[in-house]
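Chemist: One structure, as structure tokens, below. Some questions next.
2 protein chains.
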Amino acid sequence: MPPHSYTVEVIVENKALARDPEGETIHHNLILKGGYTQVTNVRAGKLLRMTVNADTPDNARDLVKKLCDDLRIYNPAAHTCTVRTVG
Amino acid sequence: MPPHSYTVEVIVENKALARDPEGETIHHNLILKGGYTQVTNVRAGKLLRMTVNADTPDNARDLVKKLCDDLRIYNPAAHTCTVRTVG
């Protein structure tokens with residue numbers, strides 16, 4: 001049986017306790033200056049949406065987790081990397 | 088009653104039919120060269136995670152949709168902008 005095709009999302013963000021100058025700039029200089037004071041925080045990150053051939057959604061997610069670590073898609077000292085299968 | 092606090096995710100991507108040089112580079116020069124041929128496509132995008140005070144999740148999402156259009160967080164000619172409330 002041929003494997004199925006799954007969509008896996010990878011989100012790379014600065015760690016929660018680290019500063020995020022990009023998010024801070026968008027928050028202060030764009031959103032708050034624009035009058036949207038209901039927005040109390042903004043964090044910026046990178047999204048990679050991958051299409052993966054695998055037998056199961058879990059296998060697709062595990063493969064992407066492995067390649068993110070293996071290929072150093074993110075810096076474990078500075079970033080968190082969240083991997084999730086979509087749909 | 089004070090409003091609740093919701094997390095809203097904004098994803099800005101190149102339109103589906105437009106090329107995505109960043110995703111292509113990650114796919115060809117990193118992932119395929121690394122031997123992960125099960126990955127058949129990669130699209131890169133930007134994630135903004137906003138914390139918003141609102142009465143309901145729908146109101147939080149609608150406010151963020153409005154500010155993304157209003158403040159030109161994305162370029163409607165080149166990008167799609169997806170807004171979703173989390174949790």
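Here the protein sequences come in this chain order: A and B. The first sequence lines up with residues 1 to 87 when you count with this note's numbering. The second sequence lines up with residues 88 to 174 when you count with this note's numbering. From the three backbone atoms N, C-alpha and C, an ideal C-beta is built for every residue, glycine too.
At which residues does the beta strand (DSSP E) containing N14 (chain A) begin and terminate?
Modeler: 4-14
Chemist: On the DSSP bridge assignment, give the partners of R130 (chain B) in chain order.
Modeler: A:R49
Chemist: Looking at the unbroken alpha helix (DSSP H) that takes in R148 (chain B), where does it start and where does it end?
Modeler: Here the alpha helix (DSSP H) through R148 (chain B) covers 144-157.
Chemist: Give a yes or no on whether the minimum CB-CB distance between A18 (chain A) and chain B is below 7 Å.
Modeler: no
Chemist: How would you label A165 (chain B), buried or exposed, when you count the other beta carbons within 10 angstroms and need 16 or more for buried?
Modeler: exposed
Chemist: Is there at least one Cβ from chain B nearer than 7 Å to A44 (chain A)'s Cβ?
Modeler: yes
Chemist: Ends of the alpha helix (DSSP H) at T82 (chain A)?
Modeler: Note, T82 (chain A): premise wrong, no alpha helix (DSSP H); beta strand (DSSP E) at 79-86.
Chemist: Would you kindly report the start and end of the unbroken alpha helix (DSSP H) that includes T112 (chain B)?
Modeler: Per DSSP, the unbroken alpha helix (DSSP H) holding T112 (chain B) starts and ends at 108-112.
Chemist: By the 10 Å Cβ neighbour count, where 16 or more other Cβ atoms means buried, how is A18 (chain A) classified, buried or exposed?
Modeler: exposed
Chemist: Residues of chain A with CB closer than 7 Å to the CB of A141 (chain B), please, in chain order.
Modeler: By Cβ distance, chain A contributes Q38.
Chemist: For a contact defined as C-beta to C-beta under 9 Å, what are the partners of G121 (chain B) on chain A?
Modeler: L67, D70, L71
Chemist: Report the rounded CA-to-CA distance for G45 (chain A) versus Y123 (chain B), giving the unit in angstroms.
Modeler: 24 Å
Chemist: Do you know offhand how far V12 (chain A)'s Cα is from Y161 (chain B)'s?
Modeler: 20 Å
Chemist: Under 7 Å between beta-carbons, which chain A residues line up against R171 (chain B)? List them in chain order, please.
Modeler: Neighbours of R171 (chain B) on chain A: none; closest Cβ ~11 Å, over 7 Å.
Chemist: Taking the beta carbon of V95 (chain B) as the centre, do at least 16 other beta carbons fall within 10 Å, making it buried, or is it exposed?
Modeler: buried
Chemist: Can you tell me whether D107 (chain B) is buried or exposed, with buried defined as 16 or more other CB within 10 angstroms of its CB?
Modeler: buried
Chemist: Return the chain-ordered list of same chain residues with a C-beta closer than 8 Å to the C-beta of S92 (chain B), the five sequence neighbours on each side being excluded.
Modeler: In the same chain as S92 (chain B), and ignoring 5 residues on each side of it, the C-beta atoms closer than 8 Å to its own belong to T138, V139, N140, in chain order.
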